[in-house]
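*Asks:* The opening position of the sequence shown corresponds to residue 1 in the UniProt record's numbering, with each subsequent residue numbered one higher. Let me begin by handing over the structure; questions about it come next.
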Amino acid sequence: MAKHSVSLSVYDLSMGMASRLSRSFTGQQFDGIWHTGIVVFGNEYFFGGGVQTMLAGTTPYGTPVKNEQLGETTKTKAEFEQFIQAQGRTHFRPEQYDLFHNNCNNFTEACSQFLLNKSIPDYVKGLPTQFLNTPMGQTMRPLIDSMMGNTASPIASPNDLGSGGGMNMDMINNMMSNPQIQQMASQFLGGGGGGMPNMDMIRNMMGNMGMNNTPYNAPQQPSQPVVTPVVEFNDDHTTFRYLKANVSQVVNKLKSTLKALPKYNYNDQDDQALDTIETFLKNIENEKTTPSEESLKKLSSYIKVLPEKQAFPALDIYRLLLVSPSVVHHQVSNTNSLLYILKESYLLQWTKLSAATQLMSMRALANLITSTKIDKPEHISNNKGASWLLSNMTGIIEIITLTMTFEMDGLRSCGASVAANLSLLLPKNDTSGLDKKLVDVMVKNLSREKVEEVIHRMVLTIYRCLKNNPSLKEGVKVPMLASAMQKESCKGIVRGIIKMVTSSSS
């Protein structure tokens, strides 16, 4: 009877971060955050968005850090695929993904038991339990249960957490702001296939759970400060862009999402289009042209065909493309472009969107505005990007207005970024009232805002609007700026605003 080699591909979703940082954050050493796939019959089988099969070595998770040889099986390929099809219908459906009890490693354990009647290595299988036994794991368990839709464990109250086992919010913010940790979490928590989880949601849920105690013994990580202005503020017209991404990983995520879509026939043309876009994005700062028309059309078609909650990787790619002025010029010039689809499908349906889609749409808007280069205000009418933005200004300001009231820090930060960028495009002494609306939104929400980065961008928006249109000064009162004045990074801007406001009333 023929025998077939069985191995376990082990990937570190933290890309080395767990090994370096786990002791600081959890008090215990973890060498990796393990994702595994079972390799047999020339294919790799894994659980993520349901049971999936790909040629060995071609999964979205990159290169394995280990290949564990498990043994040889006498099972046939037909027997095994019949087994995993049954598992996919019963125990490993997309909605059954559970970070601790039914994840990718539980799937490979079931496969190994079927093929070889043996377990996968303990260091992989025991990782969730080890993590849950740490103070951080005990603190985050109700949060993760809530995210995964498990209502069996109630959200812990601050008193339930105890003074020694909680986590400091600055520590959480530093950890969750790290792009590599975000990437790791988006893959590990996103195994259910319902779109990548949002790190700001994690921060806010932890805040709502009262997790602001002193950490057990972990060293406090210093926050990354916003650049502190000098006393005399000089606006250098800084804009805020969202550039960070692992391009290959995002493209691979989109490919795997499309391949798993029941009604989409993924083919070589899709591969070619996405490979073209990936090559462009990896060298975007030096590109003078745009990706091919066909590849951009393909990306547009993905936005149309993907359910909104699964469109995250396509939007992420588009967000990166909008860093290029040439792409922006192409998009605003073509009424069938993805920009117009984005407007109709997302911006005009704002309140119905998931938080992840709202976040990525706002980042795309921020990049779009930043890539709209204008040397002088009088040149706006000759700039297609600026003209498109101005023609949609009312809708954009309405979105900013809604976003600045949201609970998620990341969304408010994006809203303030879009506002600060947008304030550089407004016509001088605008009579449409749009700049007044922008100032009113910032002023109304300023006193309740607690995040310094957001406050910084809000007061910068006010400063720019007042500088551009002195008649708006009457709507800004000095007492409104008191809370912002306490933030070190905002003092110079606030002094500049006060100088304008008081000089107009003297």
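Using N, Cα and C, we set each Cβ at its ideal position, and we do this for glycine too.
What are the complete alpha helix (DSSP H) segments, minimum 4 residues, inside the segment 332-360?
*Replies:* 338-345
*Asks:* Quick check on this structure: which residue in Lys477, Ile303, Met408 and Gln82 has the alpha carbon closest to the alpha carbon of valine 454?
*Replies:* Met408
*Asks:* Could you check where the beta strand (DSSP E) with phenylalanine 46 kicks off and where it finishes?
*Replies:* 43-47
*Asks:* Can you name the residues that DSSP bridges to serine 9?
*Replies:* Gly37 and Asn67
*Asks:* Which same chain residues, not among the five before or five after proline 313, have their C-beta less than 7 Å away from its C-beta?
*Replies:* Closer than 7 Å at Cβ, skipping near neighbours: Val250, Lys253, Leu254 and Thr257.
*Asks:* Can the beta-carbon of lysine 3 be found closer than 8 Å to that of glutamate 68?
*Replies:* no
*Asks:* Report the residue from Lys297, Ile341, Val332 and Asn283 whose alpha carbon sits nearest the alpha carbon of leucine 320.
*Replies:* Asn283
*Asks:* From the DSSP output, in three-state form, read off valine 451 for me.
*Replies:* coil
*Asks:* Specify, as a first and last residue, the run of the alpha helix (DSSP H) that methionine 393 falls within.
*Replies:* 393-403
*Asks:* Where does the unbroken beta strand (DSSP E) through threonine 53 begin, and where does it stop?
*Replies:* 51-55
*Asks:* Across which residues does DSSP place glutamate 72 in a beta bridge pair?
*Replies:* Beta-bridge pairing links glutamate 72 to Ser5.
*Asks:* Return the CA-CA distance between isoleucine 369 and threonine 357, expressed in angstroms with no decimal places.
*Replies:* 18 Å
*Asks:* Please classify aspartate 31: does DSSP put it in a helix, a strand, or coil?
*Replies:* Correct three-state label for aspartate 31: coil.
*Asks:* Bridge partners for aspartate 316 per DSSP, in chain order?
*Replies:* Answer is none; aspartate 316 lacks a bridge partner.
*Asks:* Given arginine 457, which residues of its chain have a CB within under 8 Å of its CB, disregarding the five upstream and five downstream residues?
*Replies:* Phe240, Ser413, Ala416, Ser417, Ala419 and Ala420
*Asks:* What first and last residue would you give for the alpha helix (DSSP H) that runs through glutamate 285?
*Replies:* Counting along the chain, glutamate 285 falls outside any alpha helix (DSSP H), and DSSP gives it neither H nor E.
*Asks:* Identify every residue that forms a DSSP beta bridge with asparagine 102.
*Replies:* Asp98
*Asks:* Just curious, the alpha helix (DSSP H) that glutamine 82 is in, first and last residue?
*Replies:* Element bounds for glutamine 82: 77-90.
*Asks:* Mind checking threonine 461: buried by the 16 CB within 10 Å criterion, or exposed?
*Replies:* buried
*Asks:* Does valine 226 come out as helix, strand or coil in the three-state DSSP assignment?
*Replies:* With a pLDDT of 39 at valine 226, under the threshold of 50, the modelled position of that residue is not reliable, and the figure given next carries that caveat. Per DSSP, reduced to three states, the secondary structure at valine 226 is coil, with no helix or strand assignment.
*Asks:* Out of Glu285, Glu293 and Asn286, point me to the one whose CA is closest to glutamine 269's CA.
*Replies:* Cα-wise, what sits closest to glutamine 269 is Glu293.
*Asks:* Would you please state the rounded distance, in angstroms, between the beta carbons of leucine 116 and leucine 70? I believe it to be under 8 Å.
*Replies:* 6 Å
*Asks:* Within this structure, are the beta carbons of glycine 395 and leucine 353 separated by less than 8 Å?
*Replies:* Note that the C-beta distance between glycine 395 and leucine 353 is not below 8 Å.
*Asks:* Could you check the C-alpha separation between valine 305 and tyrosine 264 for me, to the nearest Å?
*Replies:* The alpha-carbon of valine 305 is positioned some 8 Å away from that of tyrosine 264.
*Asks:* Considering just the uninterrupted stretch of the alpha helix (DSSP H) at aspartate 122, what are its terminal residues?
*Replies:* 122-125
*Asks:* Using the Cβ count rule (16 or more neighbours within 10 Å means buried), how would you classify threonine 36?
*Replies:* buried
*Asks:* Rounded to whole angstroms, what is the Cα-Cα separation between leucine 402 and arginine 363?
*Replies:* 15 Å
*Asks:* Whose C-beta lies closer than 7 Å to the C-beta of aspartate 440 among residues of the same chain, with five residues either side of it excluded?
*Replies:* Gly475
*Asks:* Taking the continuous alpha helix (DSSP H) assigned at alanine 482, which residues delimit it?
*Replies:* 482-485
*Asks:* Could you check how far apart the C-beta atoms of tyrosine 11 and valine 65 are, in whole angstroms? I think they sit under 8 Å.
*Replies:* 6 Å
*Asks:* Work out the CA separation of arginine 448 and histidine 330 for me, nearest whole Å.
*Replies:* 40 Å
*Asks:* Would a C-beta distance cut-off of 8 Å place tyrosine 463 and asparagine 367 closer than the cut-off?
*Replies:* no
*Asks:* Do leucine 434 and methionine 500 count as a contact pair if the criterion is CB distance below 8 Å?
*Replies:* no
*Asks:* Starting from leucine 438 and walking both ways along the alpha helix (DSSP H), at which residues does that stretch end?
*Replies:* Annotation: the continuous alpha helix (DSSP H) that includes leucine 438 extends over 434-446.
*Asks:* Which residue wins for smallest C-alpha separation from serine 301, given the options Thr58, Val332, Leu339 and Leu281?
*Replies:* For the residues Thr58, Val332, Leu339 and Leu281, the minimum Cα distance to serine 301 belongs to Leu339.
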